[in-house]
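To start, the structure itself, in structure tokens.
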Amino acid sequence: MSGGVLNWCFKKSIWVYHVNAGSCNGCDIEVLDVLTPYYDVERFGIRLVHTPRHADALLVAGPVTRQVRERLLRLYDAVPEPKLVIGVGSCAAGGGIWHDSYATCGGVGNVLPVNVYIPGCPPRPEAILYGVAQALGLVPKNVEAQEYAES
Amino acid sequence: MDLNALLIAAFYTLVFPGFLFAGTVGLFLTWVDRKVTAVVQSRIGPPWFQPYADIGKLLAKRMLIPRGSQAAVFLAAPLVAVAGATLAAVIILRTVIAPSSGFVGDLIVLIYLTSLPAIALIVGGAASRSPFGAIGAGREMGLILAYEVGFLLAAITVLVKVGSVRLGDIAAYQVVHGPVALSLSGLLALGVAMFCIQAKLGFLPFDISEADTELIGGPLAEYSGAGLALFKLARAMMFFTLPVFVVVLFLGAPQPDALSWLGFVLELLVVITVIIVVKTTHARLRLDQALGLFWGRLAATAAAGVALALLGL
Amino acid sequence: MFKHFISELKETLICLEAGQVTLGYPFQPHAPEAGFRGLPVVDPLLCIGCGACASACPARLIDMTDDGDHRTVSFELARCTYCGSCRDVCPAEAVTMSMQFETATASTQDLRISMKLKLVRCVLCGDVVGTQRATDRVVRDLVAATGGTAETIGWLDLCLACKRKEAMATPALAIEVTR
């Protein structure tokens, strides 16, 4: 029962730490948009914190350049469990247009265990809200792989 | 001391009006703060259970202790903060409920206890082996030096007018002679005290030591999990205790009739609203600006208040 | 100091005039404006496997691989930049940019589109000519342009190299030089 209560507390109160892992700042601006009164994430208990020690979720934007990789790993270690990693943007999802560049690691998935990806270039603030809600298990997934074979 | 008295004291300290009561009401007031802030910022804001969910979530997180930090001090600091806040809540709320239950000098004890959370913050920040903690601790020390002067002078003004160091006597005096704030010296002292508790609570424009965007939390930078939860709880309890303290000192404790209690609660809400509105509309001051403000005009105003009280005004 | 406090209070009252500006999303849908480019949607029945989109994509996420008698066209939409070039160059108008932006997923595999189309191989040398659908489209366009019938169009099953060889070996196709 205590596990259920603490689980509920965790779902209702996610503190986010935003990391720019080589992003062009497009995704960072959209993350900032989500924090404005127009979209107001505070009604879901989500708050921006400025140190990874206070955070529950890492919001990573960018394809993870070689220079930032070590720091990103240290930030991940600094977040106390239980934690989530959310990759924001097409760069975080698959490396974006830098997917085969020598200077990047090809997306956050190659560096950290990611809970949810939010593709977009940049993703709309609504898309980021949807992705965070999905990480908390509040909304279902809306996409699935499509296969077709001509007979 | 017999077992009965011990159990009653434990009940007062831990349940009502101590830890549980002050903690619950204090957390509710932090929700009021966030909701009013949201309304001013034209948005919806969190639901009523948000602060409780925050504390619950923090208790569920793993607490990390930085390598090389003074672990014993680091872990003890949040406990000291909560202890100070709890005891302060017990003393002032017992005075509100039963004005004769205090002891001589409980006003001075209360002033010391309300500065314990800030001192615990300094010690915890310094023990955390983080440069942000060290800077934050230094800033908090400067801030304490700044506001304690004004706060003490404001309390001395009330002392001079009432002539006693007992909170119960201060409450009784105001029943007979009316609120202290209605006199000129009392009004000046109340104004200074409002500034001082804004700084004691670590709210804008005086949240210098914990500047989130500058110092990533200052002394709290390395705290996580239960330690952070306790510091936040101590702060919430202070948000309940300090406005009650100010109202009792300057506007009087409620008498045992419903109308008096209603007036007391309204006065409390007005004080809390002023704190929140000032917090929402002001930007952060630098430490030297805050020191200049507290040691300059506010200290002068408070000193004038004491002088006027000595003259009987 | 006091004047400053009063002006801050006035500002607060001005802010209160705006009321509550928060959108109802996600409890109410919020449709994007017209012209919004969301997730690309490919109609697998229209795609002719020409590869124009694969050339145009800046993220190079469209891959075409020939294997046996099938061409596999796959889209790795995880790294799509939503530029719309694939839609702009597609000759069959098979790609559209939908309004879908709720594309969050735990696995990027959910963002793959994969189509296998039948290939036409050269009857002489076995090299790839193109997809059956591309050939059908060529026939359709030539019939419409020349007024002929499908049976009069030859060499549909020859690769470019073999077509050249055939043309040079056919005297009837030699161009007369009169001067």
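Chains as they are written, first to last, in our numbering: chain A, 7 to 157; chain B, 80 to 392; chain C, 11 to 189.
All residues carry an ideal CB built from backbone N, CA and C; glycine is no exception.
Validate contact between the region 217-234 of chain B and the region 150-165 of chain B using beta carbons, cut 8 angstroms, 3 pairs:
no
So phenylalanine 50 of chain A packs on lysine 136 of chain B, CB below 8 angstroms; how close in whole Å?
Sequence index remark: in the first sequence, residue 50 of chain A carries index 44 (1-based). Sequence index remark: in the second sequence, residue 136 of chain B carries index 57 (1-based). So it is not a contact: roughly 13 angstroms between Cβ atoms.
With burial defined as no fewer than 16 other Cβ atoms inside 10 Å of the residue's Cβ, what is the status of valine 183 of chain B: buried or exposed?
By 1-based counting over the second sequence, the position of residue 183 of chain B is 104. The residue is exposed, with fewer than 16 neighbouring Cβ atoms inside 10 Å.
Evaluate isoleucine 295 of chain B with the Cβ neighbour count: other Cβ atoms within 10 Å of its Cβ, from every protein chain shown; 16 or more gives buried, anything less gives exposed.
Reading the second sequence from its first residue, position 216 is the one you call residue 295 of chain B. Isoleucine 295 of chain B should be labelled buried.
Whole-angstrom Cβ separation of glycine 212 of chain B and proline 298 of chain B, contact assumed at under 8 angstroms?
Your numbering for residue 212 of chain B matches position 133 in the second sequence. Your numbering for residue 298 of chain B matches position 219 in the second sequence. Contact flag correct, Cβ pair sits at about 5 angstroms.
With contact counted as at least three CB pairs below 8 angstroms, one residue from each stretch, are the region 94-112 of chain B and the region 263-277 of chain B in contact?
no
Residues bridged to arginine 122 of chain C (per DSSP)
Here residue 122 of chain C is taken as the residue at index 112 of the third sequence, counted from 1. Beta-bridge pairing links arginine 122 of chain C to C:Glu86.
Chain E partners of lysine 175 of chain C, CB-CB under 9 angstroms?
Looking for chain E here will not work: the only protein chains present are A, B and C.
Would arginine 122 of chain B pass as an interface residue toward chain C - the criterion being a Cβ-Cβ separation below 8 angstroms?
As a position in the second sequence, residue 122 of chain B is number 43, starting the count at 1. Interface residue, yes.
Proximity to arginine 77 of chain A [Cα-Cα], best of A:Leu118, A:Cys127 and A:Asn31
On the first sequence, position 71 is the one that residue 77 of chain A refers to. The shortest C-alpha separation from arginine 77 of chain A is found at A:Leu118.
Check each residue of the region 29-63 of chain A: if its Cβ is closer than 7 angstroms to any Cβ of chain C, include it; give the result in chain order.
Pro43, Tyr44, Tyr45 and Asp46
Bounding residues of the alpha helix (DSSP H) (the contiguous stretch that carries valine 94 of chain A):
Counted from its first residue, the first sequence places residue 94 of chain A at position 88. Careful: valine 94 of chain A lies outside any alpha helix (DSSP H), inside the beta strand (DSSP E) at 90-94.
Beta-carbon proximity list for glycine 102 of chain A, same chain, < 6 angstroms, skipping 5 on both sides
As a working note, residue 102 of chain A is residue 96 in the first sequence. Pro69 and Ser96, listed in sequence order.
According to DSSP, which residues form a beta bridge with glutamine 72 of chain C?
Numbered from 1 along the third sequence, position 62 holds the residue referred to as residue 72 of chain C. First, the residue type needs correcting, since residue 72 of chain C is isoleucine and not glutamine in the sequence shown. The partner list for isoleucine 72 of chain C (beta bridge, DSSP) reads C:Phe85.
Residue-level contact to chain A via CB, aspartate 77 of chain C, 8 angstroms cutoff:
In the third sequence, counting from the first residue as 1, residue 77 of chain C sits at position 67. Chain A contact via Cβ: absent.
Excluding five sequence neighbours on each side, which residues of the same chain lie with their C-beta closer than 8 angstroms to the C-beta of leucine 108 of chain B?
For the purposes of this step, residue 108 of chain B is taken as residue 29 along the second sequence, with counting starting at 1. Cβ neighbours of leucine 108 of chain B beyond the five flanking positions: Ala315, Phe318, Phe319 and Ile351.
Near serine 209 of chain B, what residues of its chain come up, given a Cβ to Cβ distance below 6 angstroms and the 5 sequence neighbours on each side ignored?
Position 130 of the second sequence holds residue 209 of chain B. If we look at serine 209 of chain B and ignore the five residues flanking it on each side, its Cβ neighbours are Ala300 and Glu301.
Terminal residues of the continuous beta strand (DSSP E) containing leucine 152 of chain A?
Residue numbering aside, residue 152 of chain A sits at position 146 when the first sequence is read from its first letter. According to the sequence shown, residue 152 of chain A is glutamine rather than leucine. Counting along the chain, the beta strand (DSSP E) containing glutamine 152 of chain A begins and ends at 152-155.
Find the residues of chain C that neighbour valine 119 of chain B, judging by a C-beta separation of less than 8 angstroms, and give them in chain order.
Locating residue 119 of chain B in the second sequence gives position 40, counting from the first residue. Per Cβ cutoff of 8 angstroms: Thr22, Cys25 and Leu26.
Leucine 64 of chain A lies in the beta strand (DSSP E); which residues open and close that run?
Here residue 64 of chain A refers to the residue found at position 58 when the first sequence is read from its first residue. From DSSP, the beta strand (DSSP E) with leucine 64 of chain A extends over 63-67.
Contacting residues, own chain, Cβ-Cβ under 8 angstroms from alanine 313 of chain B (five flanking each side not counted):
Along the second sequence, one-based indexing puts residue 313 of chain B at 234. Excluding positions up to five away in sequence, the list reads Pro157, Ala160, Val161, Gly163, Ala164, Pro196 and Ala199.
With 16 other Cβ atoms within 10 Å as the buried cut-off, status of valine 323 of chain B
As a position in the second sequence, residue 323 of chain B is number 244, starting the count at 1. Label assigned to valine 323 of chain B: buried.
Where does threonine 110 of chain A sit, in a helix, a strand or coil, going by DSSP?
In the first sequence, counting from the first residue as 1, residue 110 of chain A sits at position 104. Strand at threonine 110 of chain A.
Beta-carbon contacts of tryptophan 165 of chain C that lie in its chain and below 7 angstroms, excluding the five residues immediately before and after:
Taking the first residue of the third sequence as 1, we reach residue 165 of chain C at position 155. Counting only Cβ-Cβ distances below 7 angstroms, and skipping sequence neighbours, we find Lys173 and Glu176.
Could you check whether the Cβ of threonine 106 of chain C sits closer than 8 angstroms to any Cβ belonging to chain A?
By 1-based counting over the third sequence, the position of residue 106 of chain C is 96. Closer than 8 angstroms: no.
Leucine 8 of chain C, DSSP secondary structure in three states
Residue 8 of chain C lies beyond the residue range present for chain C, which begins at 11 and ends at 189; the question has no answer from this structure.
Any chain A beta carbon closer than 8 angstroms to isoleucine 295 of chain B:
What you label residue 295 of chain B is simply residue 216 of the second sequence in a count that begins at 1. Yes, because at least one Cβ of chain A sits closer than 8 angstroms to the Cβ of isoleucine 295 of chain B.
Unbroken stretches of the alpha helix (DSSP H), 4 residues or longer, contained in the region 289-376 of chain B:
291-294, 304-330, 337-360 and 366-372
By the three-class DSSP mapping on this structure, what secondary structure does arginine 49 of chain A have?
The residue labelled residue 49 of chain A in the question sits at position 43 within the first sequence. DSSP places arginine 49 of chain A in helix when its eight states are reduced to three.
In the region 286-315 of chain B, which residues sit with their C-beta less than 8 angstroms from some C-beta in chain A, listed in chain order?
Asp291, Thr292, Ile295, Gly296, Leu299, Ala300, Glu301, Tyr302, Ser303, Gly304 and Leu307
Which runs of the alpha helix (DSSP H) at least 4 residues long sit entirely within the region 125-170 of chain B? Give them in chain order.
129-139
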